[in-house]
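Visitor: In UniProt numbering, the protein residues as written are 1 to 177.
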């Protein structure tokens, strides 16, 4: 695979890592309080001054659970909270992956051959001269092949003429014994 294709693949990988990193940060980042004029998203009780104690508020499903226990039925299972994500380590790991991808891209770029415009023009002239030499060789080979084809055609025509003459003479000998 050439260096340009490797650069394209590495750039695609960097874009994918960046999109995943930004999406994960957007999805998992904790809310941030924009100013003191807005309620604190981490403490909703502070936003509602009518409630003094959040534990005093009725929990969803608590009445149904109490009614089930009073009726003698087994209490419904309490849903387990999903395990907490380590929101501090995941962005670090994703950032690390993005930095590694960028370093690999930089290494590929540094592997590109650097040349000046004069060097490029010189190389183009060399390639054109090489092309002319190869072209003249091909022209000579084409002319030799055309000459050989003419010789083969002449021999083929001579052989078919000789074969037709031989067949005609044989047929004549059958007619005139």
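Glycine is no exception: its CB is placed at the ideal position from the N, C-alpha and C atoms. Note that the coordinates shown come from a computational prediction; the quantities given were computed from them, not determined experimentally.
Using the Cβ count rule (16 or more neighbours within 10 Å means buried), how would you classify residue 129?
Guide: Under this definition residue 129 is an exposed residue.
Visitor: In the structure shown, what three-state DSSP assignment does residue 5 receive?
Guide: helix
Visitor: By the 10 Å Cβ neighbour count, where 16 or more other Cβ atoms means buried, how is residue 15 classified, buried or exposed?
Guide: exposed
Visitor: Checking 8 angstroms against the spacing of the C-beta atoms, do residue 21 and residue 95 come in under that value?
Guide: yes
Visitor: Enumerate, from N- to C-terminal direction, the unbroken alpha helix (DSSP H) stretches of 4 or more residues contained entirely within the segment 88–115.
Guide: 89–110
Visitor: Exposed or buried, what is residue 148 when buried is set at 16 or more other beta-carbons lying within 10 Å of its beta-carbon?
Guide: It is exposed - the Cβ of residue 148 has fewer than 16 other Cβ atoms within 10 Å.
Visitor: Please classify residue 101 as buried or exposed, where buried requires at least 16 neighbouring CB atoms within 10 angstroms.
Guide: Buried, because 16 or more other Cβ atoms sit within 10 Å of the Cβ of residue 101.
Visitor: From which residue to which residue does the alpha helix (DSSP H) around residue 129 run?
Guide: 117–175
Visitor: Is the separation between the beta-carbon of residue 17 and that of residue 98 shorter than 8 angstroms?
Guide: Cβ atoms of residue 17 and residue 98: closer than 8 angstroms.
Visitor: Could you have a look at residue 29 and say whether DSSP puts it in helix, strand or coil?
Guide: Coil, per DSSP.
Visitor: Could you give the distance in angstroms between the alpha-carbon of residue 56 and the alpha-carbon of residue 43?
Guide: Confidence at residue 56 is low in this model, with a pLDDT of 46, below 50, so the placement of that residue is unreliable and no value is reported for it.
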